[in-house]
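Below is one structure, written out as structure tokens, with a few remarks after it.
Number of protein chains: 2
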Amino acid sequence: MPISPPTAVLATNVVVFTIRDDLLVVLLRSRPREPFQGVWSLPGGLVGDNEGLEDCAVRTLRDQTGVRGVYLEQLYTFGRPDRDPRGRVVTVAHYALVPPAQLHGLDEDDGQRCWQPVNELPSLAFDHDRIVAMAHQRLAAKLDYSTIALQFMGERFTLSELQRVYEIILGEPLDKRNFRKRVGGLPCIEQTGDWFRAGNHRPARLYRVKQPGRVDIIK
Amino acid sequence: MPISPPTAVLATNVVVFTIRDDLLVVLLRSRPREPFQGVWSLPGGLVGDNEGLEDCAVRTLRDQTGVRGVYLEQLYTFGRPDRDPRGRVVTVAHYALVPPAQLHGLDEDDGQRCWQPVNELPSLAFDHDRIVAMAHQRLAAKLDYSTIALQFMGERFTLSELQRVYEIILGEPLDKRNFRKRVGGLPCIEQTGDWFRAGNHRPARLYRVKQPGRVDIIK
DNA sequence: ACAACTTAGTGTAAGACCTACACTATGTCA
DNA sequence: TGACATAGTGTAGGTCTTACACTAAGTTGT
Numbered sequence: 020m021p022i023s024p025p026t027a028v029l030a031t032n033v034v035v036f037t038i039r040d041d042l043l044v045v046l047l048r049s050r051p052r053e054p055f056q057g058v059w060s061l062p063g064g065l066v067g068d069n070e071g072l073e074d075c076a077v078r079t080l081r082d083q084t085g086v087r088g089v090y091l092e093q094l095y096t097f098g099r100p101d102r103d104p105r106g107r108v109v110t111v112a113h114y115a116l117v118p119p120a121q122l123h124g125l126d127e128d129d130g131q132r133c134w135q136p137v138n139e140l141p142s143l144a145f146d147h148d149r150i151v152a153m154a155h156q157r158l159a160a161k162l163d164y165s166t167i168a169l170q171f172m173g174e175r176f177t178l179s180e181l182q183r184v185y186e187i188i189l190g191e192p193l194d195k196r197n198f199r200k201r202v203g204g205l206p207c208i209e210q211t212g213d214w215f216r217a218g219n220h221r222p223a224r225l226y227r228v229k230q231p232g233r234v235d236i237i238k
Numbered sequence: 020m021p022i023s024p025p026t027a028v029l030a031t032n033v034v035v036f037t038i039r040d041d042l043l044v045v046l047l048r049s050r051p052r053e054p055f056q057g058v059w060s061l062p063g064g065l066v067g068d069n070e071g072l073e074d075c076a077v078r079t080l081r082d083q084t085g086v087r088g089v090y091l092e093q094l095y096t097f098g099r100p101d102r103d104p105r106g107r108v109v110t111v112a113h114y115a116l117v118p119p120a121q122l123h124g125l126d127e128d129d130g131q132r133c134w135q136p137v138n139e140l141p142s143l144a145f146d147h148d149r150i151v152a153m154a155h156q157r158l159a160a161k162l163d164y165s166t167i168a169l170q171f172m173g174e175r176f177t178l179s180e181l182q183r184v185y186e187i188i189l190g191e192p193l194d195k196r197n198f199r200k201r202v203g204g205l206p207c208i209e210q211t212g213d214w215f216r217a218g219n220h221r222p223a224r225l226y227r228v229k230q231p232g233r234v235d236i237i238k
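Protein chains in written order, with my numbering: chain Y, 20 to 238; chain W, 20 to 238.
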């Protein structure tokens, strides 16, 4: 190992999105130790000696919050020399999407963990507010040209539920018929044949994603 | 500085694109020292203790190749633990675009430096072939929804020259009239009023980019 | 039973946009 | 002045996007 150059502390962070109470929310954790004890920040941590970047993001997310098995991709790497007052820390930011239905109990806030609406975040540690903003922007952009929104859906879902997800992320209402023309014809989803019954109204067709892990580029 | 965790060697690399002989070419440098002496790789180097990531990319590009003042953006961070046999090196990859006209003498190949067509690269060090492939893909995608191609143009250019750039990057011919309808109407370029004369044929109108550094998202 | 309520689900017409396609214009050079 | 080479231009057909309002099928309360 002939290299002995300047080294940096390398971390990953994850912006975990889900939908709660008709809002796009982000998972925050309260930092357990000084300095910054009690300050809200994104889940994340240091990359292990023999660990891949995405592996680290997945691991810290699981260990710190219990969230696992979700869609996750790299976002951007933040490395301003002064971004952490303790020293040089470069973080490889990721974002992840969790279907609300898949949060078995993890949707409860407690002292360690909370979900905050993306548009009303508390003050966050370091440059984590910029990371969230970039993740939200990327997510909204991807709605237009990919099937990424399906990553928020449970195993079976209605088109109205899916439309609601689009509207919440984009922050604007969409036309129902036009939405159904676009999305109802996607080859990556199919009708289950079953119906969703709730409330005093007509039941809705249930759909399913054919290959749940997959995100396609469309157009 | 209470942190004393595992650290990584942090580097940046840059995929520098330009157009030469009607081909999209990438700047390679020959590694000067063992191990890998004489092996081709992307320009790049270690991030200084108090240096930003983009600053490092700009600096190493300038020092190793003389290229400066170009459009540059972050691409992706590559961090597989085994990507460098010497030890853990994480690289923040960038890509840059240089107008051919702006390469004053830098377009000459020599022992240290050469420009290779993106589709006929020699064997490269580490995972640099994957980095080039991702950069090319990103560049091609951005042609569709941004004005990034203008970063290849000199101060003044003709629409035929610009069309050629699109065709070379995309690898397919485009319709002249449709191209001019799309791009001739962009608000970010304007006619200079002058004409480009060359060869035994009709002169072409010269255009100029209004705000040269800027890349707009269109559509 | 039926009336009130709630959400699901559907079609169409106008305009914008995209695509394919071929000829004239204007210069240079022999 | 004729041959040559590239610049520059319009249109018609099809596709896609947008705006827009009513009927369908359940539940609940009387």
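Quick reminder that beta carbons are idealized off the backbone N, C-alpha and C, glycines included.
Keep in mind that this is a model prediction, so the values were computed, not measured.
Local conformation of residue i per DSSP, three classes
i                     : result
residue 155 (chain Y) : helix
residue 30 (chain W)  : strand
residue 22 (chain W)  : Residue placement at residue 22 (chain W) is poorly supported in this model, since its pLDDT is 46, which falls under 50; the coordinates still yield a value, given next. In this structure, residue 22 (chain W) counts as coil in the three-state DSSP scheme.
residue 70 (chain W)  : coil
residue 78 (chain W)  : helix
residue 41 (chain Y)  : coil
residue 52 (chain W)  : coil
residue 192 (chain W) : coil
residue 60 (chain W)  : strand
residue 206 (chain Y) : coil
residue 141 (chain W) : coil
residue 217 (chain W) : coil
residue 225 (chain W) : strand
residue 237 (chain W) : coil
residue 104 (chain Y) : coil
residue 230 (chain W) : coil
residue 113 (chain W) : strand
residue 132 (chain Y) : strand
residue 99 (chain W)  : coil
Residue i to residue j span [Cα, whole Å]
i                     : j                     : result
residue 22 (chain Y)  : residue 64 (chain W)  : Low confidence applies here, because residue 22 (chain Y) scores a pLDDT of 45, under 50, leaving its location unreliable; read the following figure in that light. Between residue 22 (chain Y) and residue 64 (chain W), the C-alpha separation is close to 12 Å.
residue 36 (chain W)  : residue 223 (chain W) : 26 Å
residue 111 (chain W) : residue 219 (chain W) : 48 Å
residue 20 (chain Y)  : residue 99 (chain W)  : Bear in mind that the predicted position of residue 20 (chain Y) carries a pLDDT of just 46, short of 50, making it unreliable; the figure below should be weighed with that in mind. Answer to the nearest angstrom: the Cα atoms are 17 Å apart.
residue 108 (chain W) : residue 187 (chain Y) : 40 Å
residue 30 (chain Y)  : residue 184 (chain Y) : 31 Å
residue 73 (chain Y)  : residue 179 (chain W) : 44 Å
residue 239 (chain Y) : residue 182 (chain W) : Chain Y is shown only over 20 to 238; residue 239 (chain Y) falls outside these bounds and no answer can be derived.
residue 148 (chain Y) : residue 149 (chain W) : 31 Å
residue 174 (chain Y) : residue 91 (chain Y)  : 18 Å
residue 55 (chain W)  : residue 161 (chain Y) : 40 Å
residue 97 (chain W)  : residue 232 (chain W) : 27 Å
residue 145 (chain W) : residue 207 (chain W) : 39 Å
residue 155 (chain Y) : residue 117 (chain W) : 31 Å
residue 28 (chain Y)  : residue 115 (chain Y) : 23 Å
Interface flag, residue i vs chain Y, CB-CB below 8 Å
i                     : result
residue 20 (chain W)  : Because residue 20 (chain W) sits at a pLDDT of 45, beneath the cut-off of 50, its placement in the model cannot be relied upon, and the following sentence gives the value as read from the coordinates. Output row for residue 20 (chain W): interface = yes.
residue 44 (chain W)  : no
residue 25 (chain W)  : yes
residue 149 (chain W) : no
residue 107 (chain W) : yes
Within-8 Å CB hit, residue i to chain W
i                     : result
residue 28 (chain Y)  : yes
residue 157 (chain Y) : no
residue 201 (chain Y) : no
Neighbourhood of residue i by C-beta distance below 6 Å, restricted to the same chain and skipping five residues each side
i                     : result
residue 169 (chain W) : 228
residue 32 (chain Y)  : 61, 63, 110 and 112
residue 93 (chain W)  : 113
residue 69 (chain Y)  : none
residue 136 (chain W) : 42 and 44
Cβ neighbours of residue i in the same chain (closer than 8 Å, five flanking residues each side left out)
i                     : result
residue 177 (chain Y) : 215, 223, 224, 225 and 226
residue 51 (chain Y)  : 131
residue 189 (chain W) : 159 and 162
residue 121 (chain Y) : 88, 89 and 173
Neighbourhood of residue i by C-beta distance below 7 Å, restricted to the same chain and skipping five residues each side
i                     : result
residue 133 (chain W) : 47
residue 103 (chain Y) : 145
heavy atom of the ligand COA below 7 Å from residue i C-beta
i                     : result
residue 211 (chain W) : What this structure holds is no ligand at all, so the ligand COA is not there to describe.
* If you measure beta-carbon to beta-carbon, which residues of the stretch 74-103 of chain W are closer than 7 Å to chain Y? -> 93, 95, 96, 98, 99 and 100
* For the stretch 61-72 of chain W, which residues have a CB atom closer than 7 Å to at least one CB atom of chain Y, in sequence order? -> 65, 66, 67, 68, 69, 70, 71 and 72
* To do: Compile a chain-ordered list of the residues in the stretch 109-129 of chain Y whose CB is closer than 8 Å to at least one CB of chain W.
  => Residues 109 and 111.
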